[in-house]
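Residue numbers (the numbering used here): 439 to 749. Each remark here refers to the structure printed beneath this line.
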């Protein structure tokens with residue numbers, strides 16, 4: 439989702455500049471409210487927001503605004519944004535929120551922005567930063583390759599190639615990276631292509647009594663109401679040719695082609711809604727055509743699971 443229009447003309451109360459823009463939000467907050475109740479969940483999220491604000495300010499950052507369970511911040515450098523992001527994840531890992539597991543997803547990008555007198559920012563950099571947070575999962579920090587190139591050591595060594603994604607209005611796909619904040623025994627980073635060559639990945643789909651399997655060497659699988667589909671789903675709100683799963687850059691990618699959209703719910707409670715959009719499938723969860731999983735008939739609900747093994 440675009441947050442603003444980068445084509446908005448400058449006024450007397452606007453100036454241009456360069457900075458790192460970061461978004462951080464609580465992953466699976468809807469599930470948190472369901473499990474804890476409104477009062478307790480709101481208290482937990484407020485505590486997390488306060489912690490994220492403190493970490494931002496600890497590294498010379500400025501909190502631009504909070505939007506529900508999300509904060510938008512700016513930093514002078516990519517290093518400062520990375521340090522704040524890592525501190526946020528480390529604090530949550532240490533159990534800042536007692537008795538409750540909370541995961542935060544973070545994304546940032548560096549570039550030109552337009553500053554308004556009220557402190558807000560807008561421009562393409564802001565939209566790209568929001569997109570990075572949108573593709574991150576809980577406990578993950580995602581940044582653009584452009585931001586990664588601005589990192590100094592030892593932070594630069596923590597960044598690794600993650601994916602390439604299409605971006606609205608851009609001819610070329612955008613290269614994105616992951617900032618690995620957890621200490622591991624890994625001493626060498628390997629490329630995505632090299633990793634894929636060493637692994638077997640299989641996607642298993644199940645709808646009712648029918649199952650379909652797909653590997654990285656398979657052709658695409660079509661989902662929908664039509665008898666011509668590879669996996670026929672008899673859902674009232676499903677389109678005849680509703681969605682397709684294909685292989686792109688060594689990943690299983692779900693592409694919505696429908697009128698009513700496609701809902702994906704991962705097993706950790708993160709829900710995504712696609713409308714003429716694509717999503718990389720990871721782990722396991724459910725896919726529902728035309729309505730969310732709660733409103734979908736059990737016989738029309740697709741479960742998916744990705745198994746990974748060494749060759």
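Backbone N, C-alpha and C define an ideal beta-carbon position, used for all residues, glycine too. No experiment lies behind these values; they were computed from the predicted model shown.
Return helix, strand or coil for residue i, following the three-state DSSP convention.
{"i": "residue 521", "result": "helix"}
{"i": "residue 538", "result": "coil"}
{"i": "residue 620", "result": "coil"}
{"i": "residue 739", "result": "coil"}
{"i": "residue 558", "result": "coil"}
{"i": "residue 472", "result": "helix"}
{"i": "residue 456", "result": "strand"}
{"i": "residue 612", "result": "strand"}
{"i": "residue 545", "result": "strand"}
{"i": "residue 588", "result": "coil"}
{"i": "residue 699", "result": "coil"}
{"i": "residue 731", "result": "coil"}
{"i": "residue 602", "result": "strand"}
{"i": "residue 530", "result": "helix"}
{"i": "residue 485", "result": "helix"}
{"i": "residue 491", "result": "helix"}
Excluding five sequence neighbours on each side, which residues of the same chain lie with their C-beta closer than 8 Å to the C-beta of residue i?
{"i": "residue 578", "result": "543, 544 and 616"}
{"i": "residue 740", "result": "643, 644, 645, 661, 669, 671, 724, 725, 726 and 727"}
{"i": "residue 737", "result": "645, 646 and 672"}
{"i": "residue 720", "result": "575, 704 and 744"}
{"i": "residue 605", "result": "566, 569, 611 and 612"}
State the Cα-Cα distance for the pair residue i and residue j, rounded to the nearest angstrom.
{"i": "residue 730", "j": "residue 592", "result": "43 Å"}
{"i": "residue 610", "j": "residue 582", "result": "14 Å"}
{"i": "residue 525", "j": "residue 460", "result": "14 Å"}
{"i": "residue 596", "j": "residue 501", "result": "25 Å"}
{"i": "residue 569", "j": "residue 562", "result": "11 Å"}
{"i": "residue 497", "j": "residue 571", "result": "19 Å"}
{"i": "residue 732", "j": "residue 702", "result": "11 Å"}
{"i": "residue 574", "j": "residue 463", "result": "10 Å"}
{"i": "residue 742", "j": "residue 518", "result": "38 Å"}
{"i": "residue 551", "j": "residue 585", "result": "14 Å"}
{"i": "residue 641", "j": "residue 695", "result": "20 Å"}
{"i": "residue 499", "j": "residue 493", "result": "8 Å"}
{"i": "residue 520", "j": "residue 655", "result": "36 Å"}
{"i": "residue 680", "j": "residue 714", "result": "10 Å"}
{"i": "residue 531", "j": "residue 722", "result": "23 Å"}
{"i": "residue 547", "j": "residue 580", "result": "9 Å"}
{"i": "residue 619", "j": "residue 576", "result": "13 Å"}
{"i": "residue 633", "j": "residue 687", "result": "Because the pLDDT of residue 633 is 44, which lies under 50, any placement of that residue in the model is unreliable, and the question is left without a value."}
{"i": "residue 474", "j": "residue 709", "result": "18 Å"}
{"i": "residue 528", "j": "residue 666", "result": "49 Å"}
{"i": "residue 510", "j": "residue 503", "result": "5 Å"}
{"i": "residue 716", "j": "residue 693", "result": "4 Å"}
Nearer than 7 Å: is that true of the beta carbon of residue i relative to any heavy atom of the ligand NAD?
{"i": "residue 484", "result": "The ligand NAD is not part of this structure, which contains no ligands at all."}
So is residue i buried or exposed if we call it buried at 16+ other beta carbons inside 10 Å?
{"i": "residue 587", "result": "exposed"}
{"i": "residue 697", "result": "exposed"}
{"i": "residue 704", "result": "buried"}
{"i": "residue 512", "result": "buried"}
{"i": "residue 700", "result": "buried"}
{"i": "residue 663", "result": "buried"}
{"i": "residue 638", "result": "exposed"}
{"i": "residue 560", "result": "buried"}
{"i": "residue 434", "result": "For the chain, the structure presents residues 439 to 749; residue 434 sits outside this window and is missing."}
{"i": "residue 515", "result": "buried"}
{"i": "residue 481", "result": "exposed"}
{"i": "residue 734", "result": "buried"}
{"i": "residue 603", "result": "buried"}
{"i": "residue 522", "result": "buried"}
{"i": "residue 718", "result": "exposed"}
Using a Cβ-Cβ cutoff of less than 6 Å, which residues in the same chain neighbour residue i once the five nearest sequence positions on both sides are dropped?
{"i": "residue 471", "result": "479"}
{"i": "residue 707", "result": "466 and 469"}
{"i": "residue 549", "result": "563"}
{"i": "residue 685", "result": "654"}
Ordered along the chain, which non-local residues of its own chain (more than five positions away) have a Cβ less than 7 Å from that of residue i?
{"i": "residue 467", "result": "483 and 507"}
{"i": "residue 711", "result": "699 and 701"}
{"i": "residue 495", "result": "none"}
{"i": "residue 678", "result": "662, 663 and 664"}
{"i": "residue 600", "result": "580, 614, 615 and 616"}
{"i": "residue 649", "result": "642 and 643"}
Taking only beta-carbon atoms, is residue i less than 8 Å away from chain C?
{"i": "residue 672", "result": "Included in the structure is just one protein chain, with no chain C present."}
Worksheet item: Which ranges would you report for the beta strand (DSSP E) in the stretch 640 to 669 if only whole runs of at least 3 residues count?
Response: 648 to 653 and 659 to 662
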